[in-house]
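Participant: Just passing along the structure, written as structure tokens.
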Amino acid sequence: MSTTQLAHEAFDKFHAAEHDKCASALDQLLSAKHNSDTKVRLNKFINEYYKRGCPDPQALLTKLTGLYEKAQEKIKKEKEKPKKKTEDEDVESFREDDDLSVLRFNQAILHVELRQVVQATCILEELFQGIEPIDDYLAIKICFLLLELRILQRQPEQAFAVLAYLDKPTAFVTMQLAEKNGKAADGQDGAAADGTEGDASKSADQANVARQSLGFGNFLVQHGRGGESLSPSEYRFLCSIYRARVSMMIKNFKGAKKDIKASNDLLTKEMKNVSLLSGCLEEEDKLQQAMQRQHLAMVNMFKALTEAQRTNVRKTLRMMMLCHFNFAESKTEAGDAQASGNARSQDNEDGEDASMLSFHPAEDDRASPYLFNNLGVLHLFIQKPALANYYFQKALDCMKPSTDPLPPEALQVPGAHITKMWLDYRAEVAYNAGLQMLMSERWKESLRSFEVASSVFREWPRLWLRMAECCIEIHRK
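Per my numbering, numbering through the sequence shown is continuous, rising by one, with the last residue being 480.
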């Protein structure tokens, strides 16, 4: 069996959660490559991590750090050798650099999972500085994660550099090809109306291949590679969302409103009629709806923020209740597929469908922490600190981390691992709770909350200023 076939077999077994068979295929692949391939070793570590239920990200990070250091030593030794490189050696060197980019990105993800934001940002900045030769799909992921961390650390100026790169029309060749393929498929669809049934089905298949979701990248049918199948409309949608978030941070509300309108148009016109998965998983339709709800929740949260600035509390609450975060399901979809099918055709003025009206985020473990935090912020905004504190405490109670390993079937569904371990926003909620207690003159409780947040926001000057205020007031008493 060739190395390519072994690699495909390993990916398929990992995708099916058959980790023992995946490990066997990876061992054969590593032997065929003389135990010197960085990416195969990386995949072995990740497969073992998932096999054990993803229990200890710090242990995996330690292994990846050791693997990166060994790879760096190997590169350093090869550079010291005075020899003329052949064309094949140049190609091998380029491939090794690509493997190291994948390894570094995985290190950054683990740092984020451990809430080590500064270390993750340093790795991503290093990758961003040399982003040109990196595979387009990985490069997009690097840019989006770096944007997320810059926004998290309240650094809009640094975020603008990443946004400027994403806005370049020639930044990613893959996106240009996907746009061309999508237009060509749309044209073939129109021509197939007068042709045969076989031509119509062929053009439909080409249209589906031209659009894959950025949200489920490691579950792509092309063995983890996006290729030319990425969704240009989803890419533009996410860029608009990030641009709106950065505009909000610098108080450019007019620009943010413009970007939200653009993202809403993309969501309701282009993305609504385009499949973002096209045969990746057996539960494709269910995941497709979950991704659409997640995108809609992003838009609705910006609408809620806009209404909150107008002190329109009733409409703000209404928008918050429509947000299906973290693949949360409505009752109609969980219990009655026919009802959800009928509901998809009933859209109202805000873009939500009837199936969402049966959903309340407070009743879902995946969505309730974020609802309670947002309700706390809203009540803090309308000068109701007691209610704000109540909701912040409920959010913190819902966000208690779990160390139990995930079952194998849960790891087959995109988002299961992220929902449980990565989306830990206790630091953000603790800062909000500390701010509320500071306004209520509860200095000691406020200082304790700010100390919890300092593990993540250590480079945020405003946090240290608030902590200093607490210390001054405690000393006064």
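Positions of the beta carbon are idealized from the N, C-alpha and C atoms, including for glycine.
#1: With a CB to CB cut of under 6 Å and the five nearest residues on each side skipped, what residues in its chain are close to Leu-378?
#2: Which residue marks the beginning of the alpha helix (DSSP H) containing Asp-268, and which one marks its end?
#3: How far does the alpha helix (DSSP H) with Trp-446 in it reach, from first residue to last?
#4: Need the endpoints of the alpha helix (DSSP H) that Thr-7 sits in, please.
#5: CB of Leu-148 to nearest heavy atom of the ligand GDP: below 8 Å?
#6: Distance, Cα to Cα, Asn-46 vs Gln-31?
#7: Ala-153: buried (16+ other C-beta within 10 angstroms of its C-beta) or exposed?
#8: Cα separation between Pro-364 and Met-322?
#9: Might you give, ordered along the chain, the residues of its own chain that have their beta carbon closer than 7 Å to the beta carbon of Ala-337, omitting 5 neighbours on each side?
#10: Between which two residues does the alpha helix (DSSP H) holding Lys-47 run?
#11: Thinking C-alpha only, which one of Lys-387, Val-432 and Pro-388 is nearest Met-402?
#12: Decide if Ala-19 is buried, meaning its Cβ has at least 16 other Cβ atoms within 10 Å, or exposed.
#13: For His-22, name the three-state secondary structure that DSSP assigns.
#14: Can you name, in chain order, every residue of its own chain whose Cβ lies under 7 Å from the Cβ of Arg-248, other than the five neighbours on each side?
#15: Check whether the Cβ atoms of Ala-74 and Thr-41 lie closer than 9 Å to each other.
#16: Out of curiosity, what's the CA-to-CA distance linking Val-455 and Leu-468?
#17: Leaving out the 5 sequence neighbours to the left and right, which residues in its chain are closer than 8 Å to Phe-26 when beta-carbon positions are compared?
#18: Within 8 Å, do at least three Cβ pairs link the region 166-178 to the region 266-273?
#19: Compare the beta carbon distance of Ile-145 and Leu-130 with 9 Å and say whether it is the shorter of the two.
#20: Between the alpha carbons of Gln-297 and Asn-38, how many angstroms are there, rounded?
#21: Counting C-beta neighbours from all protein chains within 10 Å, is the total for Ala-196 16 or more, i.e. buried, or is it exposed?
#22: Taking Leu-299 as the reference, give the member of Leu-466, Glu-310 and Glu-237 with the closest Cα.
#23: Over the uninterrupted alpha helix (DSSP H) stretch that includes Thr-271, give me the two end residues.
#24: Quick one: grab the DSSP three-state call for Leu-320.
#25: What's the gap between the Cα of His-478 and the Cα of Glu-444?
#26: Asn-315: which of Leu-381, Gln-291 and Cys-326 sits nearest, CA to CA?
#27: In chain order, what residues of the same chain have a beta carbon less than 8 Å from the beta carbon of Leu-466, not counting five sequence neighbours either side?
#28: Exposed or buried, what is Ala-430 when buried is set at 16 or more other beta-carbons lying within 10 Å of its beta-carbon?
#29: Can the beta-carbon of Leu-103 be found closer than 9 Å to that of Leu-127?
#30: With DSSP collapsed to three states, give me the class of Leu-325.
#31: Tell me the residue span of the alpha helix (DSSP H) that contains Phe-131.
#32: Nearest to Asn-376 by alpha carbon, out of Arg-157, Gln-158 and Gln-396?
#33: Mind reading off the beta-carbon distance from Ile-253 to Pro-159? Whole number of angstroms is fine, and I expect it under 8 Å.
#34: Going by C-alpha distance, which of Lys-272, Gln-292 and Ala-259 is nearest Lys-306?
#35: Return the CA-CA distance between Lys-447 and Leu-399, expressed in angstroms with no decimal places.
#36: Give the C-beta separation of Arg-246 and Leu-166 to the nearest angstrom, bearing in mind that I take them to be a contact with Cβ-Cβ under 8 Å.
Facilitator: In short:
#1: Result list for Leu-378: Tyr-394, in chain order.
#2: 256-268
#3: 446-456
#4: 6-18
#5: With respect to the ligand GDP, the structure shown offers nothing to examine, as it has no ligands at all.
#6: Going by the C-alpha atoms only, they are around 13 Å apart.
#7: The residue you asked about is not Ala; residue 153 is Arg in the sequence shown. The residue is buried, with at least 16 neighbouring Cβ atoms inside 10 Å.
#8: 11 Å
#9: With a pLDDT of only 46 at Ala-337, under 50, the local geometry of the prediction cannot be trusted, and the value read off the model is given with reservation. Hits under 7 Å: none found.
#10: Segment 41-54, the alpha helix (DSSP H) holding Lys-47.
#11: Nearest of Lys-387, Val-432 and Pro-388 to Met-402, Cα basis: Val-432.
#12: Result: exposed.
#13: helix
#14: Ile-154
#15: Remark: C-beta atoms of Ala-74 and Thr-41 approach each other more closely than 9 Å.
#16: 15 Å
#17: Inspection of the sequence shows that residue 26 is occupied by Ala rather than by Phe. The answer, listed in chain order, is Lys-47, Asn-50, Glu-51 and Lys-54.
#18: no
#19: yes
#20: 42 Å
#21: Any answer about Ala-196 is weak, because its pLDDT of 41 lies below 50 and its placement is not dependable; what the coordinates show is given next. Ala-196 is classed as exposed because its beta carbon has fewer than 16 other beta carbons within 10 Å across all chains shown.
#22: Glu-237
#23: Note, Thr-271: premise wrong, no alpha helix (DSSP H); not H, not E.
#24: helix
#25: 13 Å
#26: Taking the Cα of Asn-315 as reference, the smallest distance to any Cα among Leu-381, Gln-291 and Cys-326 is reached at Leu-381.
#27: Tyr-434, Phe-453, Ala-456, Ser-457 and Phe-460
#28: buried
#29: no
#30: coil
#31: 120-132
#32: Gln-396
#33: Indeed they touch by this definition, with Cβ atoms about 5 Å apart.
#34: Between Lys-306 and the set Lys-272, Gln-292 and Ala-259, the nearest pair of CA atoms involves Ala-259.
#35: 18 Å
#36: So it is a contact: roughly 6 Å between Cβ atoms.
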